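A.B. asks:
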Amino acid sequence: MQINPLGNSELKASVIGLGSWAIGGAGWGGSDRSDDIRAIQAAIDAGINFLDTAPIYGFGLAEEIVGEALADRRDSVILATKCGQRWDTDDGEFVYEDGAGNKIHNLLSPKGIRYELENSLKRLKVNAIDLYQTHWPTATTAIEDTMAELVRQQQAGKIRHIGVSNTSTSDLDRYLSGGAISSVQEMFSMIDRQGEGSLFPHAREHGLAVLAYSPMAMGLLTGKLGPERQFAENDNRSWSPRFTVENRQKVAALIDDFKSIATDLALTIPQLVLRWTVSQPTITHVLTGARSIQQAQENAASGAALLSESNVDAVDAVLKKHALKLPHPFLPEE
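Each step along the sequence shown adds one to the number in my numbering, with nothing skipped, and position 199 is 202.
(1) Answer with buried or exposed for PHE97, where buried requires no fewer than 16 other C-beta atoms within 10 angstroms of its C-beta.
(2) Leaving out the 5 sequence neighbours to the left and right, which residues in its chain are closer than 6 Å to LEU257 when beta-carbon positions are compared?
(3) Kindly list the residues whose CB is nearer than 6 Å to the CB of ASP55, restricted to its own chain and excluding five residues on each side of it in sequence; keep chain order.
(4) Counting along the chain, where does the alpha helix (DSSP H) carrying ASP133 start and finish?
(5) Measure the beta-carbon distance from ASN250 to LEU175 and round it to whole angstroms, keeping in mind my assumption that it falls under 8 Å.
(6) With respect to the beta strand (DSSP E) encompassing THR84, which residues constitute its N-terminal and C-terminal limits?
(7) Any idea what DSSP makes of ALA293, helix, strand or coil?
(8) Can at least three beta-carbon pairs, one atom from the region 193-209 and one from the region 263-274, be found at a separation below 8 Å?
(9) Suppose you measure from the CA of GLY95 to the CA of TYR118; what does that come to, to the nearest Å?
(10) If we count Cβ pairs, one from each stretch, closer than 8 Å, do we get three or more for the region 98-118 versus the region 163-180?
(11) Just how far apart, CA to CA, sit SER243 and GLN136?
(12) Could you say which of VAL213, TYR60, ALA145 and ASP39 lies nearest to SER180 if we only look at CA atoms?
(13) By how many angstroms is the C-alpha of ILE286 removed from the C-alpha of ASN7?
(14) From ALA16 to PHE191, what distance separates their C-alpha atoms?
(15) Could you check whether SER305 and LEU327 sit closer than 8 Å to each other, using their CB atoms as the reference points?
(16) For GLN252, name the three-state secondary structure that DSSP assigns.
(17) Rounded to a whole number of angstroms, what is the C-alpha to C-alpha distance between VAL129 and GLY70?
(18) Considering just the uninterrupted stretch of the beta strand (DSSP E) at TYR216, what are its terminal residues?
(19) With a threshold of 8 Å, are at least 3 pairs of Cβ atoms found where one atom belongs to the region 308-321 and the other to the region 35-55?
(20) Taking DSSP's pairing of strands, which residues face LYS106 in a bridge?
(21) When you compare each of GLY63, VAL167, SER171 and ASN239 to LEU214 by their alpha carbons, which one comes out closest?
(22) Leaving out five residues on either side along the sequence, give the residues of the same chain with a beta carbon under 8 Å from the beta carbon of ALA74.
(23) Where are the beta strand (DSSP E) runs, 3 residues long or more, that stay fully inside the region 7-71, in chain order?
(24) Given that a residue counts as buried once 16 or more other Cβ atoms are within 10 Å of its Cβ, and exposed if not, what is PRO140?
(25) Below 8 Å on the Cβ atoms is my contact criterion, and I expect THR92 with LEU120 to pass it. Report the Cβ-Cβ distance as a whole number of Å.
(26) Could you pull out every residue in the same chain whose Cβ sits closer than 6 Å to the Cβ of HIS205, ignoring the five residues on either side in sequence?
(27) State the start and end residues of the unbroken beta strand (DSSP E) segment that holds ILE162.
(28) Nearest by alpha-carbon distance to HIS3: which of ASN314, ARG41 and TRP24 is it?
(29) Helix, strand or coil for SER201, going by three-state DSSP, please let me know.
(30) Once you ignore the five residues that flank ARG76 on each side, which residues in its own chain have a CB closer than 8 Å to its CB?
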């Protein structure tokens, strides 16, 4: 497993990290707790030492599962979670209502951060969070006030390092002016490359780690979600504009052109996608989910090496040929 520094911190994290967006089950068609725990532990056994979660994933369930899985392994992992998305209050900025009628609000007030942090510590069964990140931006609290509270909690020893997610270059500068930031986490994949323009280079110039989440585009790039796939009603992909049959047909054609490259490198399609992602010059770590022991081991193996320049070029040629432009999975088109 390749290891990179987590920004300018003392932490050394595996380039492949385990994300837990799907572990909570909400929006992903359900989840099996025992399978999730086994997958987490298998990931650690396979060399992944970086775990990322959030309270909103399964409305606390993902953090509980991660906490249970780490019962006797806490010292062997870098544990990251987030704050700023709430389902249990009407405070903050209303964002959306999910299929179960939960109204989701973005809230990064000092009081809200304190509340979420205490609950995360309890669910994860830890005394401190290694990397505590803002989840989504909101206009209801000034970044300076949010950052001041994060620094206070850092000084209190409840969080070790601070990160930001889903931010902009200008907002990142405001965070940086308020204290030390270790990482930026953003959606990035072969079909989601907006961060390459200015945000990622800017973050790297400041010595920050760049954490790419959803590198498999919510499963779209695994080669397992063909046009015939049917999604459960409680799976967000059943209504997402990105996952139409037409779009999945386009992605299937892309995947077909990757197969010869993957075969030559003795990689699976998911491994090729992950290895290409972590080989990008501004990406330091890739966060990807696993819901089985096999997936965890397969993902971990993709972090054993980077792609050569010629292999990156071969993948890029396929991407250029298909030039896919798909809608964001959730956000409305501007």
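Ideal Cβ positions, reconstructed from N, Cα and C, are used throughout, including at glycine. Bear in mind that the values here come from a model prediction, so they are computed numbers and not experimental data.
C.D. replies: According to the structure data:
(1) So PHE97 ends up on the exposed side.
(2) Counting only Cβ-Cβ distances below 6 Å, and skipping sequence neighbours, we find HIS325.
(3) In the same chain as ASP55, and ignoring 5 residues on each side of it, the C-beta atoms closer than 6 Å to its own belong to GLY20, GLY22, ALA83 and LEU290, in chain order.
(4) First-last for ASP133: 132-137, but that is the beta strand (DSSP E), not the alpha helix (DSSP H).
(5) Beta-carbon to beta-carbon, ASN250 and LEU175 are separated by about 31 Å, too far to satisfy the 8 Å threshold.
(6) 81-86 is the extent of the beta strand (DSSP E) around THR84.
(7) Residue state, collapsed to three classes: coil.
(8) In short, these stretches do not touch, since the Cβ pair count stays below three.
(9) If you draw a straight line from the Cα of GLY95 to the Cα of TYR118, it comes to about 14 Å.
(10) Cβ pair count under 8 Å is below three, so no.
(11) Each residue's Cα considered, the two are about 26 Å apart.
(12) Nearest to SER180 by alpha-carbon distance, out of VAL213, TYR60, ALA145 and ASP39, is ALA145.
(13) Each residue's Cα considered, the two are about 10 Å apart.
(14) In this structure, the CA atom of ALA16 is about 19 Å from the CA atom of PHE191.
(15) Inclusion of LEU327 and SER305 in the CB contact set at 8 Å is not warranted, their separation being larger than that value.
(16) Of the three classes helix, strand and coil, the one that applies to GLN252 here is helix, per DSSP.
(17) When rounded, the distance between both Cα atoms is 8 Å.
(18) That run of the beta strand (DSSP E) goes 212-216.
(19) Result no; under three Cβ-Cβ pairs closer than 8 Å.
(20) Paired residues: GLU100.
(21) Selection GLY63, VAL167, SER171 and ASN239 evaluated against LEU214 yields VAL167 as nearest (Cα-Cα).
(22) Same-chain partners within the cutoff: LYS128.
(23) 15-17, 19-22 and 53-55, all fully within the region 7-71.
(24) It is buried - the Cβ of PRO140 has at least 16 other Cβ atoms within 10 Å.
(25) Their Cβ separation, rounded to whole angstroms, is 15 Å, which puts THR92 and LEU120 out of contact at 8 Å.
(26) The residues are THR172.
(27) That run of the beta strand (DSSP E) goes 162-168.
(28) Any question about residue 3 goes unanswered here, given that the chain covers just 4 to 337.
(29) The three-state reading of DSSP puts SER201 in coil, since its state is none of H, G, I, E or B.
(30) The beta carbon of ARG76 is closer than 8 Å to those of GLN44 and ILE47 in its chain, skipping five residues each way along the sequence.
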